[in-house]
Each structure stands twice: as C-alpha cells, then as structure tokens.
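**Student:** Quick one: this structure, given as structure tokens, is what I'll be asking you about.
Chains as they are written, first to last, in the numbering used here: chain X, 2 to 111; chain H, 16 to 123.
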C-alpha cells in the first residue's frame, strides 16, 4: 500500500531564515505530487505540483520554491521566510481523481 | 477560474441532530470528492462521486452529486461528536479544486 511522509511535523522559524520541508511517497512510482498551504484550518491553496523528476509547476507567485530531485521526493523551500508564510503545509500524491495527503507540517514564522 | 463554494462555513449542532452541507460551483466537474480533516492532520477521503445524480451512502453519511455535475451535498443523520471536523469538497477536471470547507462541531 502507498504511504506518504512529511517532516518535520512542526517547525518554528524566525523571519528571514531558510526553509526546507520534505515529502516522500512509498508504494507507487512516478506519482503526481502536490504542495498545499492551509491557513487557519480552512481551504487548501495549491502551491506547486510536479508530474515527474525535475518538473515543477507553480500555481501562485510567492516566496517559496519546490524541487523534485527523486521520483518519490518533493521538497518545499524558501531562502528567506516571511511572517505570511506561516501555515499548515500539506503534501499529497494523486491516484486517479483522488489525492492522498500526508500528515502535514505546522510552520510558525516569528 | 473554477471555484467551489461550500456552505455553511461553520456549523455547531447537538448530538443526534441531522445536518446537510453544500458544495456549489458554476463549473462542471468530471468527479467530486469529499474529505474530512481533523485538527493537525491531513484531509482523509470519504467518497468520490462521478455520475450526475449519483447517491452514495457511508454509514450515516449520504453524498449526492448534482444532475449537472456542478454541485454536491453531504447529509449526516444523527450526528455524533466523532463527526466533528472540517469537511472539504474538491472537484476534479485537469486538476483538483478545493472548497474552503465547512467546520462542523457536534456537541455531546
């Protein structure tokens, strides 16, 4: 069966510091992978998606970037965090019409 | 831009009551999913509906996809505190579009 991992689970970072969040998927090959941000426990905002190694599509302009160095690894990064980057970050992979989500990373920027 | 509007945004009810939440769009979707999310966790898929007019039941939860495949509803019968959570609908075409969710609280 497929599983999806995210780490860290929680992160507190100062403004201006760098960020690296990691997501890995097991049990499937060449998955479509997604990064979402969720503010205040509400709707999901799609940030990036990837259909393969090195292929990244950005949905919204922002302070963040994404990379896919391996088939089942998806990384969300920032060089300098802003206060507005705080939120709950979710990684997901797509199977058919369904997305399967990881446990999320709670990021607080102070 | 495809938008999904969910209503109500917030709902607080007593255990044993029935409720319905709605997901509406002006766009047609090839399928629609409902997810439930608990605090601090990722959303978990409840159901996928594909055919216009389709009705699916999951224990006390009944999901309906509109005939035109633009809207959906979720009805919960005899709600329990364990039903508490954020209910998200998502429409699928070339990508998945999420609504903002309905935050349901069921009080014992």
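Ideal Cβ positions, reconstructed from N, Cα and C, are used throughout, including at glycine.
#1: Give a yes or no on whether the C-beta atoms belonging to residue 65/X and residue 48/X are separated by under 9 Å.
#2: Report yes or no: do the segment 16-30 of chain X and the segment 70-78 of chain X share at least 3 C-beta pairs separated by less than 8 Å?
#3: Give me the Cα-Cα distance between residue 69/X and residue 94/X, rounded to the nearest whole angstrom.
#4: If you measure from the beta carbon of residue 1/X to each beta carbon in chain H, is any gap under 9 Å?
#5: Closer than 9 Å between beta carbons: that is the criterion. Which residues of the segment 69-100 of chain X meet it against chain H?
#6: What in chain H is Cβ-close to residue 28/X, meaning under 9 Å?
#7: Using CA coordinates, which residue listed in 108/H, 110/H, 80/H and 103/H is at the minimum distance from residue 24/H?
#8: Anything in the segment 75-109 of chain H with a Cβ closer than 9 Å to a Cβ of chain X? List those residues in chain order, please.
#9: Along the chain, where does the beta strand (DSSP E) that runs through residue 210/H open and close?
#10: Beta carbons nearer than 9 Å to chain H: which residues of the segment 42-53 of chain X have them?
#11: Smallest Cα separation from residue 7/X: which of 41/H, 56/H and 18/H?
#12: Does the CB of residue 43/H have a neighbour CB from chain X at under 9 Å?
#13: Tell me which same chain residues have a C-beta within less than 6 Å of the C-beta of residue 3/X, skipping the five on either side of it?
#14: Take every Cβ of the segment 39-48 of chain H, pair it with every Cβ of the segment 81-90 of chain H, and state whether three or more of those distances are shorter than 8 Å.
#15: Considering just the uninterrupted stretch of the beta strand (DSSP E) at residue 59/X, what are its terminal residues?
#16: DSSP three-state call for residue 9/H: helix, strand or coil?
#17: Got a sec, what are the start and stop residues for the beta strand (DSSP E) residue 65/H sits in?
#18: Along the chain, where does the beta strand (DSSP E) containing residue 48/H start, and where does it finish?
#19: For residue 84/X, count neighbouring C-beta atoms within 10 Å of its own C-beta (all shown protein chains included) and say buried if the count is 16 or more, exposed if not.
#20: Output, in chain order, the set of chain H residues within a Cβ distance shorter than 8 Å of residue 105/X.
#21: Identify, in the order they occur along the chain, each residue of the same chain with its Cβ nearer than 6 Å to the Cβ of residue 35/H, setting aside the five sequence neighbours on each side.
**Tutor:** To lay it out plainly:
#1: Stepping through the first chain from its first residue, residue 65/X is reached at position 64. Stepping through the first chain from its first residue, residue 48/X is reached at position 47. Yes.
#2: yes
#3: What you label residue 69/X is simply residue 68 of the first chain in a count that begins at 1. What you label residue 94/X is simply residue 93 of the first chain in a count that begins at 1. Computed Cα separation, rounded: 13 Å.
#4: Because chain X here runs from 2 to 111, residue 1/X falls outside it and cannot be looked at.
#5: 89, 91, 92, 93, 95, 97, 98, 99 and 100
#6: In the first chain, residue 28/X corresponds to position 27, counting from 1. Within chain H, no residue comes near residue 28/X; the closest Cβ sits about 16 Å away, beyond 9 Å.
#7: Numbered from its first residue, the second chain carries residue 24/H at position 9. Answer by Cα proximity: 103/H.
#8: 101, 103, 105 and 107
#9: Residue 210/H lies beyond the range of chain H shown here (16 to 123); nothing can be said about it.
#10: 42, 43, 44, 45, 46, 47 and 50
#11: In the first chain, residue 7/X corresponds to position 6, counting from 1. Ranking 41/H, 56/H and 18/H by Cα distance to residue 7/X puts 56/H first.
#12: Counting from one through the second chain, the residue named residue 43/H turns up at place 28. For residue 43/H, the answer is no, since every Cβ of chain X falls outside 9 Å of its Cβ.
#13: As a working note, residue 3/X is residue 2 in the first chain. 28 and 29, listed in sequence order.
#14: yes
#15: Here the question's residue 59/X lines up with position 58 in the first chain. Start and end: 56-59.
#16: The first residue shown for chain H is 16 and the last is 123, placing residue 9/H beyond what the model contains.
#17: To locate residue 65/H, count along the second chain from 1; it is residue 50. Element bounds for residue 65/H: n/a, residue is neither H nor E.
#18: Reading the second chain from its first residue, position 33 is the one you call residue 48/H. Segment 46-52, the beta strand (DSSP E) holding residue 48/H.
#19: Locating residue 84/X in the first chain gives position 83, counting from the first residue. Counting Cβ neighbours within 10 Å, residue 84/X comes out exposed, since fewer than 16 surround it.
#20: For the purposes of this step, residue 105/X is taken as residue 104 along the first chain, with counting starting at 1. Result: 55, 56 and 57.
#21: Residue 35/H sits at position 20 when you count from the first residue of the second chain. Result list for residue 35/H: 88 and 90, in chain order.
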